[in-house]
Amino acid sequence: MESQEPGTRTGKAFSGHWKEKGMQAVFFIAACTSILAVALICIFLFANGLPAIAEIGPLDFLLGKTWRPANDLYGIFPFILGSIYVTAGAIVIGVPIGILTSIFMAEYCPAKIYRPLKAATELLAGIPSVVYGFFGMLVLVPFIRETTGSKGNVMLTACILLGIMILPTIIGTTESALRSVTRTYYEGALALGATKERTIFTVMLPAAKSGVLTGVVLGIGRAIGETMAVIMIAGNQTAMPTSLLKGVRTLTANIVLEMGYATGLHREALIATAVVLFVFILIINLSVSLLRRGQNAGD
Numbered sequence: 004m005e006s007q008e009p010g011t012r013t014g015k016a017f018s019g020h021w022k023e024k025g026m027q028a029v030f031f032i033a034a035c036t037s038i039l040a041v042a043l044i045c046i047f048l049f050a051n052g053l054p055a056i057a058e059i060g061p062l063d064f065l066l067g068k069t070w071r072p073a074n075d076l077y078g079i080f081p082f083i084l085g086s087i088y089v090t091a092g093a094i095v096i097g098v099p100i101g102i103l104t105s106i107f108m109a110e111y112c113p114a115k116i117y118r119p120l121k122a123a124t125e126l127l128a129g130i131p132s133v134v135y136g137f138f139g140m141l142v143l144v145p146f147i148r149e150t151t152g153s154k155g156n157v158m159l160t161a162c163i164l165l166g167i168m169i170l171p172t173i174i175g176t177t178e179s180a181l182r183s184v185t186r187t188y189y190e191g192a193l194a195l196g197a198t199k200e201r202t203i204f205t206v207m208l209p210a211a212k213s214g215v216l217t218g219v220v221l222g223i224g225r226a227i228g229e230t231m232a233v234i235m236i237a238g239n240q241t242a243m244p245t246s247l248l249k250g251v252r253t254l255t256a257n258i259v260l261e262m263g264y265a266t267g268l269h270r271e272a273l274i275a276t277a278v279v280l281f282v283f284i285l286i287i288n289l290s291v292s293l294l295r296r297g298q299n300a301g302d
């Protein structure tokens, strides 16, 4: 028996070595698959979208104020502004509510309330967009119509609904960021005589700024990429957005509404719209990454 032990150990070591190599190969293939998927999407978008931008004219396409495919007019500036306005409105509504809610959950919430409140925020994240859209149609649109005297299917309604939709993202990331801050900061501020509220807003939140910023960026991504709910309540007007009480169409809504019947240059212009949206989100992510890097360097 003793003479077989070295061989057995060698066999196990050999088997373990190849298992490790096999798992490394699986991880590598998974990583390559993710990269390949992104690369293929980029190739498809730019290969089909850039020729359309060149044919229409970059300035006419990006800054044109008229979208009328029947007359070969493909100006997406109203949709760019619509996406910016709706996203900005959602951030103005959702970020303060989300941050204050996360502060309550991390610092003030009693144990009896925390679990149902946490479950409610997680449930909000799992509700399909079309359900949010129905809620907007049946509740928000009539409320805005009666309150403001407008049609109800307006930019303000979209801002409110998207503000609700981004709450789970902001609440989850901000709460996690606050809980990850070392308690010595909190205890030290209290020992120096600061109130609990002052400690939270002047010590804890600045210390958790990276996580808070991440939540805001994820919220921006959710808002700017949302389609179904916006289509159902925003009015989908192709005109320039001039008021919160007027209808608006976003970049994503324009793609979904017209891709089903678009052909030729019209179809390519919609793909080019997707290119603009892709670049838009990429610029936001890069800007925030640079901002966070600068903040970390300053710290």
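According to my numbering, the sequence shown is numbered sequentially starting from 4.
Even for Gly, the Cβ is constructed at its ideal location relative to N, Cα and C.
Continuous alpha helix (DSSP H) stretch holding residue i: start and end
i	result
C162	158-168
S132	132-138
M235	231-236
S213	212-228
P145	144-151
G155	It is not in any alpha helix (DSSP H) - G155 carries neither H nor E in the DSSP assignment.
E190	186-194
E200	199-202
R252	Where R252 is concerned, there is no enclosing alpha helix (DSSP H), given that its DSSP letter is neither H nor E.
T266	Looking at the DSSP string, T266 is not in any alpha helix (DSSP H), and its letter there is neither H nor E.
E125	114-129
Where residue i falls, given that 16 or more other Cβ within 10 Å makes a residue buried
i	result
G214	buried
Y264	exposed
N288	exposed
P81	buried
W70	buried
E5	Low confidence applies to E5: its pLDDT is 49, below 50, so where it sits in the model is not reliable, and the reading given next is rough at best. Result: exposed.
E229	buried
Y189	buried
A125	The amino acid at residue 125 is misidentified as Ala; the sequence shows Glu. E125 is exposed by the Cβ-count criterion.
A28	exposed
I59	buried
Identity of the residue in the options nearest residue i by Cα
i	options	result
M243	Q27, S86, P54, L48	S86
L247	T151, P209, R182, A277	T151
S132	I169, A232, L260	A232
V259	K22, N239, L48, G191	N239
S105	S37, E271, P171, T276	P171
I223	I59, V98, F64, M26	V98
> Does the segment 173-190 come within contact of the segment 64-78, defined as at least 3 CB pairs closer than 8 Å?
Replying inline: No: the two stretches stay apart, fewer than three of their Cβ pairs being nearer than 8 Å.
> Taking only runs of the alpha helix (DSSP H) that begin and end inside the segment 37-100, which ones reach a length of at least 4 residues, in chain order?
Replying inline: Counting only runs of 4 or more, we get 61-66.
>> Does the segment 197-204 come into contact with the segment 143-157, if we say contact requires no fewer than three beta-carbon pairs (one atom in each stretch) closer than 8 Å?
In response: No: fewer than three Cβ pairs fall under 8 Å.
> Do the segment 210-225 and the segment 95-105 meet, that is, are 3 or more Cβ pairs less than 8 Å apart?
Replying inline: Cβ pair count under 8 Å is three or more, so yes.
> Does the segment 110-126 touch the segment 274-281, meaning 3 or more C-beta pairs lie closer than 8 Å?
Replying inline: Because the criterion of three Cβ pairs below 8 Å is not met, the segment 274-281 and the segment 110-126 do not touch.
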